[in-house]
Every structure is written in C-alpha cells, then in structure tokens.
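Enquirer: Residue numbers (the numbering used here): 29 to 252.
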C-alpha cells in the first residue's frame, strides 16, 4: 500500500499536487487563487455574488473575465473540480453568453460535460429561483440547450467519464440527459434579446432560447 504522506510529497496523490501548483502559478493572481482553493468554507463554492444583469455584462463585456480569473487552469485542478457546483458552472455559462464570448461558452460546456458525478447530471440542477426574470429565462434555456448538446455527444459515443464507446450500439446504450422540472415553468422574456458573434448573421438559432424570445446562435455547445 502506498504511503499517503509520501504520495503527497512526491506529487502522486489524487489531488495532483505538482500539476496543481504549476497551474496556480499560471493564474493571473496565484496567491489569491491558492487561498481560494484551500479555504474550506463553504466546502462547495457558492454563486459568484453579486449576480450580474444582462445590461451590466453588456456594458462591461470583459467583466466576466475579471470574475473568472484563470478559469481554464482551474478546470484542470482536482480540488477545484471537487468543490465546484453545476449551478455555479451554469451561471458562468450565462455570463459567457451575455458577454457574447461563445468560445469560452464552449470550453465551459465541455468542462461541465466531463463531470461524471451524479450531482452533475443535468436533471439534478437545482432551481436557482433567480429574482431577475431575464436571467432566469436564460438559465432555463441554457439547461435545456445543454440537454440537447450532451445527448448529441452521447449519441456519438462520447461518454461523460471521458471514455469513448465505439460499439454499434453507442447511439443508444446510455442514459439520456433530461432537463430538471423547473425549466418548463419559465416563460419567455417580455422584450426580444439577441446575442451573436460579430459577423455571424446567418446562423441557426438555438430552439430553447428562441421559444423564450431570446436569439442565440446554435452550435457553440456542440464541441467534441
């Protein structure tokens, strides 16, 4: 049996100490990132308050980068993955969308997909009961869009545990993702909303957003 103390010292623990330290050093604020990772309260990270409105993000489109410093490094840090939550990831997706940062939205979707823990099942995402009706509609639409995108990956044999099913039954031998019940209760926004990448005017609109009077180009969540 491996000595756990020796494993940590030599960087062999499941927390991947040495790679983690390298990734922390690559973050914009290494010391604050380290404190964020090791401070144990609360164990599951809370939502990034204050929650931003669509108008606030559109006015300062780079603000989501300030609120997510070093996020692509954090994606690969085990302790962060353990303490992160599906709802927190969902709110990051909404911030990326409102900032029209569709590339980052694709990265976040991939990060979410490769969480195989049961609590990261889309059907288990708790109702955020967001007080902002526009943000609430975007959250509900995003979850339903993720259901379609995740099932598309699963049908192509890509599994959430980062394995690939190459069998002839790969398009059906899996549990399909489903939306939680709360999303069906969220209606459309009063005024039309549109998010698009500069220069992309002919893209197909995502159907779940469209039914809530929100125009979002389809395809950015469908990354392999």
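Ideal Cβ positions, reconstructed from N, Cα and C, are used throughout, including at glycine.
Within 7 Å: the Cβ of residue 143 and any heavy atom of the ligand GTP?
Expert: With respect to small molecules bound, the structure shown includes none, and the ligand GTP cannot be examined in it.
Enquirer: Rounding to the nearest angstrom, what Cα-Cα distance links residue 40 and residue 109 in this structure?
Expert: Walking along the chain shown from the start, residue 40 turns up at place 12. Walking along the chain shown from the start, residue 109 turns up at place 81. Since pLDDT at residue 40 reaches only 43, below the 50 mark, its modelled position is unreliable, and no value is offered.
Enquirer: Using the three-state DSSP reduction, which class does residue 222 fall into: helix, strand or coil?
Expert: Along the chain shown, read from residue 1 onward, the residue named residue 222 stands at position 194. The answer is strand: DSSP assigns residue 222 an E or B state.
Enquirer: Does the region 53-71 come close enough to the region 117-130 that 3 or more CB-CB pairs lie under 8 Å?
Expert: At 8 Å Cβ cutoff, the stretches do not touch.
Enquirer: Would you kindly work out how many angstroms separate the C-alpha atoms of residue 143 and residue 188, rounded to a whole number?
Expert: By 1-based counting over the chain shown, the position of residue 143 is 115. By 1-based counting over the chain shown, the position of residue 188 is 160. Those two C-alpha atoms are separated by around 6 Å.
Enquirer: Could you tell me if residue 34 is buried or exposed, where buried requires 16 or more neighbouring beta carbons within 10 angstroms of its beta carbon?
Expert: Working through the chain shown from its first residue, we reach residue 34 at position 6. The predicted model places residue 34 with a pLDDT of 45, which falls under 50 and marks its position as unreliable, so this point remains unresolved.
Enquirer: In the DSSP output, what is residue 192 paired with across the bridge?
Expert: Counting from 1 along the chain shown, the entry for residue 192 is found at position 164. DSSP output for residue 192 lists 186 as bridge partner(s).
Enquirer: Using 8 Å as the Cβ pair cut-off and three pairs as the minimum, do the region 148-155 and the region 67-82 touch?
Expert: Contact between the region 148-155 and the region 67-82 is absent, because fewer than three Cβ pairs lie under 8 Å.
Enquirer: Can you tell me whether DSSP reads residue 105 as helix, strand or coil?
Expert: Taking the first residue of the chain shown as 1, we reach residue 105 at position 77. In the structure shown, residue 105 sits in coil (DSSP, three-state: anything other than H, G, I, E or B).
Enquirer: How should residue 31 be labelled, buried or exposed, when 16 other C-beta atoms within 10 angstroms of its C-beta is the threshold for buried?
Expert: Taking the chain shown and counting its residues from 1, the one referred to as residue 31 is at position 3. Per-residue confidence for residue 31 stands at a pLDDT of 49, beneath the threshold of 50, marking its modelled position as unreliable; the derived number appears in the next sentence. By the 10 Å Cβ count, residue 31 comes out exposed.
Enquirer: Measuring CB atoms only, is the region 150-167 touching the region 198-211, in the sense that at least three cross pairs come out at less than 8 Å?
Expert: In short, these stretches touch, since the Cβ pair count reaches three.
Enquirer: Which residues mark the beginning and the end of the alpha helix (DSSP H) in which residue 129 is found?
Expert: Taking the first residue of the chain shown as position 1, residue 129 is located at position 101. Careful: residue 129 lies outside any alpha helix (DSSP H) and carries neither H nor E.
Enquirer: Can you list, in chain order, the residues of its chain with a C-beta nearer than 8 Å to that of residue 158? Leave out the 5 residues immediately preceding and following it.
Expert: The residue labelled residue 158 in the question sits at position 130 within the chain shown. Within the same chain, residue 158 has close Cβ partners 79, 164 and 167.
Enquirer: What did DSSP end up calling residue 242 once you bin it into helix, strand or coil?
Expert: Residue 242 sits at position 214 when you count from the first residue of the chain shown. It is a strand residue.
Enquirer: With distances taken from CA atoms, which of 176, 221 and 112 is nearest residue 86?
Expert: Start at 1 with the first residue of the chain shown, and residue 86 comes out as number 58. Minimum Cα distance to residue 86 is reached at 221.
Enquirer: Can you tell me whether residue 225 is buried or exposed? The criterion is at least 16 other CB atoms within 10 Å of its CB, across all chains shown.
Expert: Position 197 of the chain shown holds residue 225. Exposed, because fewer than 16 other Cβ atoms sit within 10 Å of the Cβ of residue 225.
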